[in-house]
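J.: Mind having a look at this structure? Questions to follow.
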Amino acid sequence: MPAEELMSTAVVFIGGHPPHPGVLAHLPQDRWVVAADSGYDHATALGVEVDLLVGDMDSVSLDGLLDAAGHGVTIERFPTDKDFTDTELALRAALRHGPSAMVVVSCVGDRLDHSISALMALADPSLAAIPVEAWWGEAHVTVLRGPAARVIGGSVGETVSLLPVDGPAEGVTTTGLLYALHNEVLHATASRGVSNVFTEPSLTIEVRHGALLVIRPHALRSAAAPATPRNP
1 MPAEELMSTA
11 VVFIGGHPPH
21 PGVLAHLPQD
31 RWVVAADSGY
41 DHATALGVEV
51 DLLVGDMDSV
61 SLDGLLDAAG
71 HGVTIERFPT
81 DKDFTDTELA
91 LRAALRHGPS
101 AMVVVSCVGD
111 RLDHSISALM
121 ALADPSLAAI
131 PVEAWWGEAH
141 VTVLRGPAAR
151 VIGGSVGETV
161 SLLPVDGPAE
171 GVTTTGLLYA
181 LHNEVLHATA
191 SRGVSNVFTE
201 PSLTIEVRHG
211 ALLVIRPHAL
221 RSAAAPATPR
231 NP
């Protein structure tokens, strides 16, 4: 495939409830789009063209399947009895494309277990080499795996939470937050990183080891940009 295609951002639409319509304005124009099952319906409802549809096809609509076939979308169908969720299959497919970054689009669905599993999948070590973010309803999620740092835009007074995944996050340091962290350890079983507040239009966060989900739960109420990576 062309070199320029390899450097595009992979955008992954997954199932659940339809995503917030405001997310469309935040998606990159240079993108390669993967849909996980009914994520195809969500993408096309926003006017987003899909390049690859993956999953067991138990939730995508019949109209969606016919639309995909009619538009020449590549379809990878899997059996219902499988070792990976449709979300994981979509993330793996997107990674095979060799993207420069990945954006996942979702919304909280009726299955709590699926929602938690999908959020945890964002921090899979196989994705560590590229920036990963997600739009989850009106929330924005930035995945930060140490050693790394990010500058994350927001609004003064906006809520943000830092949730460790895949073990504790060590050496966490922040600026631009009401409750500053200085070389601290955050544990998944404690709420130390929950409900912090922007005191500036952007925050800087560094993590030496481990992985964090940086969640702005009301991001689409803010006009700020998502995260910008920088050297730690």
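For the sequence shown, position 75 (counting from the first letter as 1) is numbered 75 according to our numbering, and the numbering increases by one without interruption.
Heads up, the beta-carbon is just placed ideally off N, CA and C, and yes, glycines get one too.
1) State the start and end residues of the unbroken alpha helix (DSSP H) segment that holds His233.
2) Just list the beta strand (DSSP E) runs in the region 67 to 130, keeping only unbroken ones of 3 residues or longer that don't cross its boundaries, in chain order.
3) By the 10 Å Cβ neighbour count, where 16 or more other Cβ atoms means buried, how is Pro99 classified, buried or exposed?
4) Within its chain, find whatever has a CB closer than 6 Å to the CB of Leu53; leave out the 5 residues flanking it on each side and keep chain order.
5) May I have the straight-line CA-CA distance separating Ala3 from Ala90, to the nearest angstrom?
6) For my contact list, Met102 and Thr9 are in at a C-beta cut-off of 8 Å; report their separation, rounded to the angstrom.
7) By Cβ distance below 7 Å, which residues in the same chain neighbour Asp63 in space, the five residues on each side in sequence not counted?
8) Starting from the C-beta of Ser202, find all residues in its chain whose C-beta is less than 7 Å away, skip the five residues before and the five after it, and write them out in chain order.
9) Note down the Cα distance separating Pro18 from Arg31, rounded to an integer number of angstroms.
10) What residue does the beta strand (DSSP E) around Ala45 start on, and which one ends it?
11) In this structure, does DSSP put Gly193 in helix, strand or coil?
12) Using C-beta distances below 6 Å, list every residue in its chain close to Glu5, excluding the 5 sequence neighbours before and after it, in chain order.
13) Taking Gly193 and Leu220 to be in contact with their CB atoms under 8 Å, please state how far apart those CB atoms are, rounded to whole angstroms.
14) From Pro147 to Leu95, what distance separates their C-alpha atoms?
15) From the DSSP output, read off the bridge partner residues of Glu209.
16) Taking 6 Å as the cut-off, is the beta-carbon of Ala43 closer than that to any non-hydrogen atom of the ligand MG?
17) Under the three-state reduction of DSSP, which class applies to Ala25: helix, strand or coil?
T.: Considering the structure as presented:
1) This structure gives no information on residue 233, because the portion of the chain shown stretches from 1 to 232.
2) Within the region 67 to 130, the complete beta strand (DSSP E) runs of at least 3 residues are 74 to 77, 101 to 106.
3) Along the sequence shown, one-based indexing puts residue 99 at 99. Taking all protein chains in view, the Cβ of Pro99 is crowded by 16 or more other Cβ atoms within 10 Å, so the residue is classified as buried.
4) The residue labelled residue 53 in the question sits at position 53 within the sequence shown. So the list reads Ala35, Tyr40, Ala68, Val73, Ile75, once near-sequence residues are dropped.
5) By 1-based counting over the sequence shown, the position of residue 3 is 3. By 1-based counting over the sequence shown, the position of residue 90 is 90. Confidence in Ala3 is poor, its pLDDT being 41 and thus under 50, which makes the residue's placement unreliable; the coordinate value appears in the next sentence. Going by the C-alpha atoms only, they are around 22 Å apart.
6) Start at 1 with the first residue of the sequence shown, and residue 102 comes out as number 102. Start at 1 with the first residue of the sequence shown, and residue 9 comes out as number 9. That belief holds up - the Cβ atoms of Met102 and Thr9 are roughly 7 Å apart, short of 8 Å.
7) Along the sequence shown, read from residue 1 onward, the residue named residue 63 stands at position 63. Here the set comprises nothing.
8) For the purposes of this step, residue 202 is taken as residue 202 along the sequence shown, with counting starting at 1. Within its own chain, the residues whose Cβ lies closer than 7 Å to the Cβ of Ser202, once the five positions on either side in sequence are excluded, are Val151, Ile152, Gly153, Gly154, Gly176, listed in chain order.
9) For the purposes of this step, residue 18 is taken as the residue at position 18 of the sequence shown. For the purposes of this step, residue 31 is taken as the residue at position 31 of the sequence shown. Looking at the two C-alpha atoms, the distance is approximately 20 Å.
10) Indexing the sequence shown from 1 puts residue 45 at position 45. Careful: Ala45 lies outside any beta strand (DSSP E), inside the alpha helix (DSSP H) at 39 to 45.
11) The sequence position of residue 193 within the sequence shown is 193, counting from 1. For Gly193, the three-state secondary structure derived from DSSP is coil.
12) In the sequence shown, counting from the first residue as 1, residue 5 sits at position 5. Caution applies to Glu5, whose pLDDT of 45 falls short of 50 and renders its modelled position unreliable; the model cannot decide the point.
13) As a first step, residue 193 must be located in the sequence shown, where it is residue number 193. As a first step, residue 220 must be located in the sequence shown, where it is residue number 220. About 21 Å separates the beta carbons of Gly193 and Leu220, which is beyond the 8 Å limit, so they are not a contact pair.
14) Counted from its first residue, the sequence shown places residue 147 at position 147. Counted from its first residue, the sequence shown places residue 95 at position 95. Here the C-alpha atom of Pro147 lies approximately 21 Å from the C-alpha atom of Leu95.
15) The sequence position of residue 209 within the sequence shown is 209, counting from 1. In the sequence under discussion, the amino acid at residue 209 is His, which differs from the Glu named in the question. Per DSSP, Glu170.
16) The model depicted lacks the ligand MG and carries no ligand whatsoever.
17) Translated into positions along the sequence shown, residue 25 becomes position 25. In this structure, DSSP gives Ala25 a helical state, which the three-state scheme calls helix.
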